[in-house]
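**Student:**
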Amino acid sequence: MSSKLSQRYINDAIRIRKEYVKNIKVVNEKSDKVNYHRNEIEKVNKEIEDACDVFKGDPEKDDAFQKNMNEKLSIIEKSINIIQKELKPHIDKIEELQKESDILYKAIVEKYPDMTVDELKNQILPHLDE
Numbered sequence: 007m008s009s010k011l012s013q014r015y016i017n018d019a020i021r022i023r024k025e026y027v028k029n030i031k032v033v034n035e036k037s038d039k040v041n042y043h044r045n046e047i048e049k050v051n052k053e054i055e056d057a058c059d060v061f062k063g064d065p066e067k068d069d070a071f072q073k074n075m076n077e078k079l080s081i082i083e084k085s086i087n088i089i090q091k092e093l094k095p096h097i098d099k100i101e102e103l104q105k106e107s108d109i110l111y112k113a114i115v116e117k118y119p120d121m122t123v124d125e126l127k128n129q130i131l132p133h134l135d136e
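For the sequence shown, position 114 (counting from the first letter as 1) is numbered 120 according to the numbering used here, and the numbering increases by one without interruption.
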């Protein structure tokens, strides 16, 4: 017969899960923006490659084109850097929560050595959907 898991452990699991989900959502939302900008960089790089042959004989047009492309790349790079700065605290929090989760798991296993992993899951998982 298995023990009943302490409410403290269940509450910790719920807190970790809620914070994890909240941070993952933010990362996923921002990741879409980063991917959009990465695609824009690829487009600009393609434009530059294609234009190399076109402007070979006309340095004036080539210089203007290069300046335009560099400006585009600079704007995209600034946007990506801003997004990455916004993401960093969430990524750090996710890593911190993973460590907390590992510590919580070890504490539960130590406190309830007779419980199987399935028994632990059966007592915790129903609370995570609340």
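Heads up, the beta-carbon is just placed ideally off N, CA and C, and yes, glycines get one too.
#1: So K5 is in the alpha helix (DSSP H); what residue range does that whole segment cover?
#2: So the alpha helix (DSSP H) P119 belongs to, where does it begin and stop?
#3: What is the rounded straight-line gap between the Cα of N74 and the Cα of S37?
#4: Keeping to the same chain, check which residues put their C-beta closer than 7 Å to that of E77; ignore five residues upstream and five downstream.
#5: Between the alpha carbons of M7 and I22, how many angstroms are there, rounded?
**Tutor:** Based on what the coordinates show:
#1: An answer regarding residue 5 cannot be provided, because it is not within the stretch 7 to 136 covered by the chain.
#2: First-last for P119: undefined, no H or E at that position.
#3: In a straight line, the C-alpha of N74 is about 26 Å away from that of S37.
#4: Hits under 7 Å: none found.
#5: For M7, the predicted model reports a pLDDT of 43, less than 50, meaning its position is unreliable; a value from the coordinates is still stated below. Cα atoms of M7 and I22: separation of roughly 28 Å, rounded to the nearest angstrom.
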